[in-house]
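Sequence order for the protein chains is A and B. For the record, in the first sequence the residue sitting at position 10 is 592 according to the working numbering, with numbers rising by one throughout. For the record, in the second sequence the residue sitting at position 188 is 770 according to the working numbering, with numbers rising by one throughout.
2 protein chains.
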Amino acid sequence: MKQFAVIGLGRFGASVATTLCGLGHQVLGIDESEARIQAMVDRLTHVVQADATDEDALRSLGLRNFDAVIVAIGHDLEASTLITLMLKDMGVREVVAKASSDLHGKVLEKIGADRVVYPERDMGVKLAHSLLSPRILDYIELDPNYSIVEMAASGELVGKSLRELNLRARLGINVLAFRRGEAVNVSPGGDDVVQEGDVLVVLGSNDAIGRLERLRG
Amino acid sequence: MKQFAVIGLGRFGASVATTLCGLGHQVLGIDESEARIQAMVDRLTHVVQADATDEDALRSLGLRNFDAVIVAIGHDLEASTLITLMLKDMGVREVVAKASSDLHGKVLEKIGADRVVYPERDMGVKLAHSLLSPRILDYIELDPNYSIVEMAASGELVGKSLRELNLRARLGINVLAFRRGEAVNVSPGGDDVVQEGDVLVVLGSNDAIGRLERLRG
Ligand SMILES: Nc1ncnc2c1ncn2[C@@H]1O[C@H](COP(=O)(O)OP(=O)(O)OP(=O)(O)O)[C@@H](O)[C@H]1O
Ligand SMILES: Nc1ncnc2c1ncn2[C@@H]1O[C@H](COP(=O)(O)OP(=O)(O)OP(=O)(O)O)[C@@H](O)[C@H]1O
């Protein structure tokens, strides 16, 4: 069991804190707002109402021995950077801070944040891609040229077996798995026939994946 | 080339809008704040300053023929839901709205949003998982039991060939690809030796992936 502290229990901070707690770890939540504290009091191990820019208050929490401290303050850049700086000075092993802009992120890195995250920016990029390729449900970018994608099957792909489709020879695409309803087949064979609504998990070059996307009509 | 409109150019909305624009599509940005409009004027196809809850103003933008309209307003739930409702009434084909809480999301679904996204919540969950499994860089959940993960190699894995490691027979884990520096090898063979800092992309049950995580010390 690990120990985490989350400073700033807004939408993002609360999500990090409740997820860690739900997975069985100890989580201390800190926020200056009474309302946010009340909202989280039954969902975290401990909660404390405090202005985390107050050094005495921060020191009194004994955060030094925690596995990681997350600073999830977006609008008050001064508070976010001041708190991050004090935490590193106090010897906290890992400080993860959320940034609201590239500039904010650069400052956080310079003053010693171990990791900087950009939740809104990253999800914005992901939504934009999913609007352009609505059938791509999820993806891992292996490098600039290769990806693994989860793709809903339709059009020309439906009703054919993997052997007939011959995606490896035609496009250089490897079918890793496919899902039908709740069941996943992690070693698909040539005789498996693709049906409408199946989800294919494929590995290939981004060009080949683009061609596969167009195949489906 | 597609046409999108983004209402609310905060951190998330601006990220969606600039990503779509950067990929060569037309993007109309709308915000009631002069400062946000000024910040975006050179980065989007068009920008308009308007209070989107004003029905006449919204109708005058001719959004009906856009491929999708994104409503990215988080703090003013009433504005977000009112705007979403008006857009569907006007016949906009696809309305994607951001929600700040489960309750907000339920209301948006009920009034006809085609898709509801929870950027802060989802990124909070992802950060929590990455704090608990720091070597897992990215993952696709295939179903509750199987995943594809990108994992940094270390410990017992280093210095051995894939044949020696024999991960398929020992753990039922399929090594799909591995990355060393910038280069990705999408068809790894038995003779490939794992080095410190390599990233393995593997497919297996979540239990087996957990055992592999522990192997590395
Ligand atoms: N100095 C501080 N000490 C403690 N808590 C603080 C401090 N400053 C801000 N907070 C709290 O941090 C939380 C998040 O802050 P803020 O609203 O700036 O971020 P945000 O990026 O909009 O959050 P999110 O997008 O996660 O909802 C709020 O609940 C706020 O009360
Ligand atoms: N009625 C409205 N019409 C047009 N724009 C609006 C309206 N209400 C809010 N906005 C704009 O929407 C943007 C985002 O709003 P808000 O701050 O509520 O969301 P947020 O969830 O904190 O944003 P983010 O996390 O993306 O920064 C702001 O730039 C704001 O000016």
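Using N, Cα and C, we set each Cβ at its ideal position, and we do this for glycine too.
- The beta-carbon of E702 of chain A is placed less than 9 Å from the nearest beta-carbon of chain B.
- Inclusion of M705 of chain A and D773 of chain B in the CB contact set at 9 Å is not warranted, their separation being larger than that value.
- In the three-state scheme derived from DSSP, where H, G and I count as helix and E and B as strand, L626 of chain B is classed as coil.
- Minimum Cα-Cα distance from T600 of chain A among the listed residues A:D624, A:S615, A:D613, A:A617 corresponds to A:D624.
- Residue nearest to A654 of chain B within the set B:L785, B:V699, B:A617 is B:V699 (criterion: CA-CA distance).
- Here E691 of chain A is actually not in contact with M668 of chain A; their C-beta atoms are around 16 Å apart, not less than 8 Å.
- Close to chain B, meaning a Cβ-Cβ distance shorter than 7 Å, are the following residues of the region 708 to 732 of chain A: L709, A710, L713, L714, D720, I722, L724, D725, Y728, I730, E732.
- In the DSSP annotation of this structure, the continuous segment of the beta strand (DSSP E) that includes F586 of chain B starts and ends at 585 to 589.
- For the beta strand (DSSP E) assignment, the uninterrupted runs of no fewer than 3 residues enclosed by the region 644 to 678 of chain B are, from N- to C-terminal side, 650 to 653.
- Between the C-alpha atoms of L645 of chain A and E702 of chain B there is a straight-line separation of about 25 Å.
- By the Cβ test, the region 749 to 757 of chain B is in contact with the region 776 to 793 of chain B, since at least three Cβ pairs between them sit closer than 8 Å.
- DSSP places D725 of chain B outside both helix and strand once states are collapsed to three, so it counts as coil.
- Residues are counted here when their Cβ sits less than 7 Å from a Cβ of chain A; for the region 610 to 629 of chain B the count is zero.
- For D649 of chain A, the nearest CB of chain B lies under 9 Å from its own CB, placing it at the interface with that chain.
- If you look at S712 of chain B, you'll find it in the alpha helix (DSSP H) that goes 701 to 714.
- Here L640 of chain B is buried. Its C-beta has 16 or more other C-beta atoms within 10 Å.
- Within the region 728 to 763 of chain A, the complete alpha helix (DSSP H) runs of at least 4 residues fall at 744 to 747, 749 to 753.
- When the alpha-carbon of L591 of chain B is set against those of B:I619, B:K584, B:L602, the nearest one is in B:I619.
- Taking CB atoms only, S597 of chain B has a neighbour in chain A less than 9 Å away.
- In the same chain as S743 of chain B, and ignoring 5 residues on each side of it, the C-beta atoms closer than 6 Å to its own belong to D773, V775, in chain order.
- Each of B:V784, B:L602, B:H628 was checked against the Cα of G611 of chain B, and the nearest Cα belongs to B:H628.
- Where L640 of chain B is concerned, the enclosing alpha helix (DSSP H) starts and stops at 637 to 641.
- Under the Cβ criterion (8 Å, minimum of three pairs), the region 755 to 764 of chain B counts as touching the region 781 to 789 of chain B.
- Looking at the DSSP output, L785 of chain A sits in a beta bridge with A:I730, A:N756.
- G644 of chain B has a beta carbon lying at 9 Å or more from every beta carbon in chain A.
- Here the alpha carbon of S597 of chain A sits roughly 30 Å from the alpha carbon of R762 of chain A.
- Restricting attention to A:N788, A:L605, A:L643, A:V731, the CA atom closest to the CA of I589 of chain A is found in A:L643.
- Taking a contact as a CB-CB distance under 8 Å, the pair D649 of chain A and K584 of chain A counts as one, their CB atoms being some 4 Å apart.
- According to DSSP, G611 of chain B shares a beta bridge with B:V588, B:V629.
- Nearest to K680 of chain B by alpha-carbon distance, out of B:T635, B:F594, B:N727, is B:F594.
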